[in-house]
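Numbering (the numbering used here), first residue to last: 690 to 1006.
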């Protein structure tokens, strides 16, 4: 980033302000020309009422014509250098007019950081059609956060699942659905839809392992196919429906992502793209362990207690 600034490129970087390590980063970028902003910066977390409202979006926009969105963070641990090891993630690269929707979200965040309204003129309205764009690829940007009156991405997941005719393939590191989403998935399983859910075999927090286990068990008993990814930590947040529609982005299947975090997803309506996600999904299945209901029934009393306690606490995590 510093190199690009020295080449005359304007670089704006917004990072979530809850991590105290970010203040070191702010000092590092001082006087470099990189415009670094802390989103809802938190000096004393316990006394900040906005501590729960985190910016969980991961978006990169280049020259108003290319955007990247997905689950990938920036840091050594996400390159496999941490204690968890390899991180399996998914991001997509987008060209064309759809990039303006990501720009709007970026400037919305910037207006919060700067505490002032930014006029729409800041957003590029002239994106050349010469950039790579397939007219057959229809896309939709869906954002959600505490500034919305309803959980838009959760509602998008529910709508996609309700409209499924054959299959629903999900990947998520955190599977803590609310009642409505869980009931929608149960209905899909009972309707004969091929529901597959992939979660990590390793968790970045013990609580997550047990709460994931509880909720996938609710679907496992009905006939859903549940997989634990074993080649590191799966951080991908995707849902593939009927091998026709994909939703990929930053939103996990949990309360925090649905109701508290600022999140962003991209729906892609294209069979060719969907097929590439399906191919990758089956590659991931090949290095995953399939859970069986018999295994689930043989859980110890101690394990069941841990799952129940974690379930009670799940809405606050």
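Idealized CB from N, CA, C, for every residue including glycine.
What residues in its chain sit with their C-beta under 8 Å from that of residue i, if we drop five residues either side in the sequence?
{"i": "residue 777", "result": "918, 920, 921, 922, 923, 924, 925 and 973"}
{"i": "residue 773", "result": "766, 891, 893, 921 and 922"}
{"i": "residue 775", "result": "769, 920, 921 and 922"}
Judging by CA-CA distance, which residue of the options is the nearest neighbour of residue i?
{"i": "residue 850", "options": "968, 837, 702 and 886", "result": "886"}
{"i": "residue 954", "options": "692, 751 and 780", "result": "780"}
{"i": "residue 868", "options": "844, 852 and 856", "result": "844"}
{"i": "residue 939", "options": "723, 786, 728 and 831", "result": "831"}
{"i": "residue 878", "options": "907, 995, 897 and 838", "result": "907"}
{"i": "residue 762", "options": "971, 749 and 723", "result": "749"}
{"i": "residue 661", "options": "756, 874 and 966", "result": "Given that the chain is displayed from residue 690 to residue 1006, the structure contains no residue 661 and the question cannot be resolved."}
{"i": "residue 870", "options": "896, 880, 897 and 904", "result": "904"}
{"i": "residue 997", "options": "913, 982, 965 and 898", "result": "898"}
{"i": "residue 670", "options": "729, 770, 854 and 771", "result": "Look at the range of the chain in this structure, 690 to 1006, and you will see that residue 670 is not part of it."}
{"i": "residue 693", "options": "985, 876, 716 and 722", "result": "722"}
{"i": "residue 889", "options": "882, 848, 896 and 861", "result": "861"}
{"i": "residue 848", "options": "754, 935 and 966", "result": "935"}
{"i": "residue 967", "options": "986, 937 and 944", "result": "937"}
{"i": "residue 876", "options": "852, 902 and 896", "result": "852"}
{"i": "residue 1001", "options": "896, 846 and 716", "result": "896"}
{"i": "residue 714", "options": "789, 775, 695 and 764", "result": "764"}
{"i": "residue 984", "options": "995, 695, 961 and 902", "result": "902"}
{"i": "residue 965", "options": "995, 987, 754 and 928", "result": "928"}
{"i": "residue 1018", "options": "829, 969, 986 and 854", "result": "Outside the shown range of the chain (690 to 1006) lies residue 1018, about which nothing can therefore be said."}
Under 6 Å Cβ to Cβ from residue i, same chain only, skipping five residues before and after it: list those, please.
{"i": "residue 833", "result": "840, 841, 842 and 952"}
{"i": "residue 979", "result": "916"}
{"i": "residue 810", "result": "With a pLDDT of 46 at residue 810, under the threshold of 50, the modelled position of that residue is not reliable, and no figure is offered here."}
{"i": "residue 827", "result": "958"}
{"i": "residue 914", "result": "885"}
{"i": "residue 814", "result": "Residue placement at residue 814 is poorly supported in this model, since its pLDDT is 43, which falls under 50; the coordinates still yield a value, given next. Here the set comprises nothing."}
{"i": "residue 961", "result": "none"}
{"i": "residue 970", "result": "858"}
Going by beta carbon distance, what residues of the same chain come within less than 7 Å of residue i, once the five residues before and after it are set aside?
{"i": "residue 946", "result": "745, 940 and 952"}
{"i": "residue 950", "result": "743, 745 and 834"}
{"i": "residue 821", "result": "Low per-residue confidence applies at residue 821: pLDDT is 41, beneath 50, and the placement is therefore not dependable, though the value from the model is reported in the following sentence. Answer for residue 821: 784, listed in chain order."}
{"i": "residue 698", "result": "none"}
{"i": "residue 795", "result": "748 and 750"}
{"i": "residue 819", "result": "Bear in mind that a pLDDT of 35 at residue 819, under 50, signals an unreliable position, so the model cannot answer this."}
{"i": "residue 912", "result": "878"}
{"i": "residue 741", "result": "949"}
{"i": "residue 986", "result": "none"}
{"i": "residue 1015", "result": "Outside the displayed span of the chain (690 to 1006) sits residue 1015, for which this structure offers no information."}
{"i": "residue 977", "result": "887, 916, 917, 918 and 919"}
Hey, residue i and residue j are a contact pair by Cβ (cut 8 Å); roughly how many whole angstroms apart?
{"i": "residue 931", "j": "residue 856", "result": "6 Å"}
{"i": "residue 718", "j": "residue 758", "result": "Actually they do not touch by this definition, with Cβ atoms about 23 Å apart."}
{"i": "residue 701", "j": "residue 724", "result": "5 Å"}
{"i": "residue 982", "j": "residue 909", "result": "5 Å"}
{"i": "residue 727", "j": "residue 760", "result": "That belief does not hold up - the Cβ atoms of residue 727 and residue 760 are roughly 21 Å apart, past 8 Å."}
When the distance is taken between beta carbons, is residue j closer than 9 Å to residue i?
{"i": "residue 900", "j": "residue 884", "result": "no"}
{"i": "residue 1016", "j": "residue 942", "result": "Outside the displayed span of the chain (690 to 1006) sits residue 1016, for which this structure offers no information."}
{"i": "residue 975", "j": "residue 933", "result": "no"}
Evaluate contact between the region 984 to 993 and the region 784 to 793, counting only Cβ atoms and requiring at least three cross-stretch pairs below 8 Å. no
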